Each structure stands twice: as C-alpha cells, then as structure tokens.
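Just below is one structure, and these are the notes that go with it.
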Amino acid sequence: MSDGLSLPVSILRVKKETSLIRTFVFDRSFPFSPGQFVMVWIPGVDEIPMALSSENTITVQKAGDATAAMFALDPGEKLGIRGPFGNGFTKGEKVLGIAGGVGAAPLLPLARADCVMTLLLGARTENELLFVDQLDECTDVLIATDDGTLGMKGYVPALMDDLNLGAYDRIAVCGPEVMMRAVLTKVEEKGIAHKTEFSLHRYMKCGVGVCGSCCIDPSGLRVCRDGPVFSGDLLLKSEFGHYMRDASGSKKNL
Amino acid sequence: MVSIRFGPVTVGGVVLDNHLLLAAGILGTTGSSLKRILSSGAGGVVTKSIGPYLKEGHAGPCLVVLEDGLLNAMGLPNPSKEFVDEIACLVKKPVIASIFGGNPAEFALVASWFEGRVAGFELNLSCPHAEGYGAAIGTDPALVEACTLAVSVTGIPTWVKLTPNVTDITAIGKAAERGGASAIVAINTVKAMRISTGMQRPVLGNRYGGLSGSAVFPIAVRCVYELYEACTIPIIGCGGVVTADNVIEMMMAGASAVEIGSAVYYDVKVFETIKADLYRKDGLSPEQIIGSAHE
C-alpha cells in the first residue's frame, strides 16, 4: 500500500451557513461515500475528524479550539486531509433522512445521490437550520425548530410520528447524540432498529482503527474504522446516548 | 514453514493462552476493545500505558500510515487511576498493565493501583516522544534498574519494554535484569519523522514520533538476538510482526513470545489469522525454536 500522508488542500472559499456553521471549499476532490469522514489537519493546532458534505467540502460547526482556528482561516490558506475513512451509509432506494443541526452535513450528499424520499431537519431556531435550500432541491424536507420559528415547534424525532415509517427501506440519522438516542427509542418500539443507521461522533486520534480512542462499549467496535455509521440494533444496549470518552480516555456522561 | 505444537505457555511469570500478545498502545484504551482482541485469538493483551496523572496526549496529527509501517506520537494519553475500573470486566484474563512514571516512586504508585487486578506489569521505559517519561528514563541504565526494582518488589510479574533508540540495548536489558525484571520486551518504536512537502512541516503534531510495523522488523529481530546473548530472563519480541513466519523468526532470534501491534491496522483479526498458520499438531515444541538461530 502507499503512503497515507495528509494531502495538502487550499481553501478556495468559506461559506457562512449559519452563525455557527461554515462550509470550507477545497481545491481538491476526494471520491467518497456519503457518511465517510476525513481527518482535517489545521497546521500548528490539531487534527480532527469531519464528515464530507461533498467531495470537495467539509461543513463545520464551531465547537472547540481546532474548529475555532479553522474559522480564522482565509481563502488560500492550507489544510491537510487524510482519508476518506470509515464505512458510510448503506445504500437504499427509499431512504428517510433525519438530521439535527450540523448533522445535516453528511446527509446532504446522501440526498443528492437521489435516494432520500423524505428528510426531517431540525435545529434550535430557523436561522440555525443547515442546508434547507440545498436539501429542498433534491428531497421532501420537513422541518422542526425548538422555538417554532419555522416548521413544527419541537424536536425533530417528533416529526416521525406523522410518517408511515414502513414506507422506507432505510433510515439514516445524524445529529446530536441525545436526539439520535430519541430516534433509536422510536425505531426500537416499531421494530425497525435494524434498518436504521446512526452516524456517531467520538473523540479520535488515529482515524484508521489502531489507537482505540474511539471504541464503543460493550462491543469494542471502532467508530473510525468499523463505523462511523452503525446499525441501530448494534447500538441498543451500548454506551450510545449515555456517555463517551475524552482525549485521555476518561468517560464523560452526555 | 516451521510450525509450533500447541500447548500451555508461561512467559515471564504470566500464563498466556498462546504466544501472541496485543502490544501496548493498540486498541488498549477501553476494557471492551481489549476484550474484543482477546476473544479474537490473542494469548494476552497489554493495556494502553497508564501513568500517575491524567494526560490528554499531544495535539494531532497523532498518526500517519506509511507504505510499510505506522508513524505515531500519541503522547501517552491516559485516564490514570480511572483505568482500573475500565479493565474490571477482564478479571482473571491474561491482561498486562502497561505503566509509566517519571521516577521509581511514580512507577510504584501506579503499580499499586493494579495489584490483584492484572496478571503482570509492562514498564514503559521506551516511548520515544513523551517529555520526561518513557525513553527519557529508559536510556539510563541506573534509572531503568531503579524503576524496575520499584515494581518488581511487589512480586507481580514485571516486564520491561526497551527502546531501540540507544547505542547498546544489552546494557539496558541487563539493568532491567538487575532490577528484578521477569522478562524483557523488545522493542518499542524507533524514533522517526516524516515531513509533508506540501505543507512544508513535519506530519505529526509533536513533530517527532515512533515508527512501527514491517519497517522496523529487522531492527527488532537484531535487538532480540543481541538481548538473548546478553541476558538470561525471557524476551518478548515486538516490532513489525505481521505473519506467522515473522513470529517464528522472532522466536529463532530468542523470543519466548511476541507482541503484535501495527498489524492490527491491516487486519483486526490478525491474531486468529496468525494462530491458524502458526500452530500444528505435529509442529515443533517452542523450546526447539526459541533461540535456535544462535550457534
């Protein structure tokens, strides 16, 4: 096999999506499957996992030191990219997508692959909804906001109550873990956890399945290599929705 | 190919299910990942290195995959004492706690947390990229002897993992032996660097890192061979083992068992794979193979 050193990319453009979310457009494309991620090296700062929102973009929410440093970058500046890594979502013909916040990032390329019939999109408030227009172009979007400024007032899993879930052959979910756990509870009740897939976020160091920092309990599966997308039935009796580990390996309750 | 007759294995005071152990720092952060590797055929597992204080490790990038190996600088991330609970699910399993400290007292302290909970200790005197720990201590024979003694007095099997980044590894091996080590593990990673020409800077956040995988196998074989001539305690070979034939080669150099790490990158079930190739009913006894390349 060949060297897996980071490939340098130049930032062509930075697009402000919401007050906290920006899309970084690269001068290089990475063929990928929706749901796969790359390790993004911000020189002198850190390297963090990010889902690809298209083959030459990542869509990032400001959350910590590394993302804050990214937000300070201008077009022309360089990042290093390793990957794409991980498994991505299983292909389906009639997919229901469920996205919360920046979780819409890996679901946009899935919707653009023309297999998502319906997409449930949620955020705290109207101007924090991500990719409303882009998703509207390729699928049927239903919206929920916590404060009711657009769509249904409430959390996005509640939108599932008005759907005939049996009409979909797969359900693809990405968003805050508490929201995903609520979706898992609903699909478990309906006996369709096995055809629902969740994209997990865990602290990662190596990104290639070696260091073990992203392993989940009790299976020991590696989010970076065996995931990041996992079938709901694998997550039912797991740490998912309860806790995760930080950089030291110490458990932190959600 | 030479193969081994299957039978009970005891190395450096530790009873193992076979000759193959998971090396420290690979999938050793959680009890459940260690359990996964044990159930996929490893004869024993060595945990992530645990130290006296919680550490988050170096800023990334922490690892890059090379053509014939891995280059990493994790920076000894560990949750310290909290890790005792992490391996509670592995009671009575062949689990070796890898531990580190900045002096003999710190080694003794960390070891005390695990007494009665692990089959043995592996002293990390060899990490090439952590300031004040690992190889910073492991290149000084007097410190190696003192740190080894601080743990071996517990009476629990104490293995000492050596760095190859020294002029004479046998001087360090003999120091571990004087300190009461039950076995020597050789080798830890080889200090190394790559530079991204596109980014015009070293590829690791820590700049320097440790090289593992096939690229270092010849160095590991040489170190095991030298240590076998210089020391009397058992040697556990580590460094670039990918195939059953590599295991045999390490054993011919003088290893009583081997540790496998980077090969997990290519195949998470590498222990099953190697076991299937290594053991035969009509194979040789391990004693016929260990050190057999020496005259």
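These protein sequences, in sequence, are chains B and D. Residue numbers for the first sequence follow our numbering, so the first one is 1 and each next one is one higher. Residue numbers for the second sequence follow our numbering, so the first one is 255 and each next one is one higher. Glycine included, C-beta positions come from ideal geometry on N, C-alpha and C. These numbers come from a predicted model, not from an experiment.
In the DSSP assignment, Tyr520(D) falls outside any alpha helix (DSSP H), carrying neither H nor E. DSSP, reduced to helix, strand and coil, places Ser54(B) within a strand of the structure shown. In the DSSP assignment, Val501(D) falls within the alpha helix (DSSP H) that extends over Ala498 to Ala507.
Straight-line measurement puts the Cα of Phe260(D) at about 7 angstroms from the Cα of Arg534(D).
Counting the other Cβ atoms within 10 Å of the Cβ of Tyr387(D) gives 16 or more, which makes it buried.
Given a length threshold of 3 residues, each whole run of the beta strand (DSSP E) inside the stretch 377 to 418 of chain D is given here in chain order: 412 to 416. Spatial neighbours of Ile490(D) in its own chain (CB-CB distance under 8 angstroms, excluding positions within 5 residues in sequence) are listed in chain order as Val265, Gly266, Leu275, Trp413, Ala437, Ile438, Val439, Ala440, Ala509, Ser510, Ala511, Val512 and Glu513. When DSSP states are grouped into helix, strand and coil, Met39(B) belongs to the strand group.
The residue among Gly545(D), Ser546(D), Pro540(D) and Ser352(D) with its C-alpha nearest the C-alpha of Asn272(D) is Pro540(D). Residue range Arg170 to Cys174 is occupied by the beta strand (DSSP E) that includes Ala172(B). Residue-level contact check: Ala313(D) touches chain B, since one or more beta carbons of chain B fall below 8 angstroms from its beta carbon. For Val187(B), the enclosing alpha helix (DSSP H) stretches over residues Glu177 to Glu189. For the 8 angstroms CB-CB criterion, Pro306(D) and Gly459(D) do not form a contact. Taking a Cβ-Cβ cut-off of 8 angstroms, the neighbours of Gly282(D) in chain B comprise Gly212, given in sequence order. Taking 4 residues as the shortest admissible run, the stretch 438 to 506 of chain D contains the following complete alpha helix (DSSP H) segments, listed from N- to C-terminal end: 471 to 484. Within chain D, the residues Met453 have their CB atoms less than 7 angstroms from the CB of Lys78(B), given in chain order. For Ser406(D), the number of other beta carbons within 10 angstroms of its own is at least 16, and it is reported as buried. Taking a cut-off of 8 angstroms on C-beta distances, the stretch 31 to 46 of chain B touches the stretch 79 to 92 of chain B, as three or more cross pairs fall below it. By the Cβ-count criterion, Gln542(D) is exposed, with fewer than 16 other Cβ atoms from all chains shown falling within 10 Å of its own Cβ. The C-beta of Gly295(D) comes no closer than 8 angstroms to any C-beta of chain B. Taking the beta carbon of Ser250(B) as reference, the chain D residues within 8 angstroms of it are Leu308, Pro333 and Glu336, listed in sequence order. Under the DSSP assignment, Val14(B) falls in the beta strand (DSSP E) whose first and last residues are Leu7 to Lys16.
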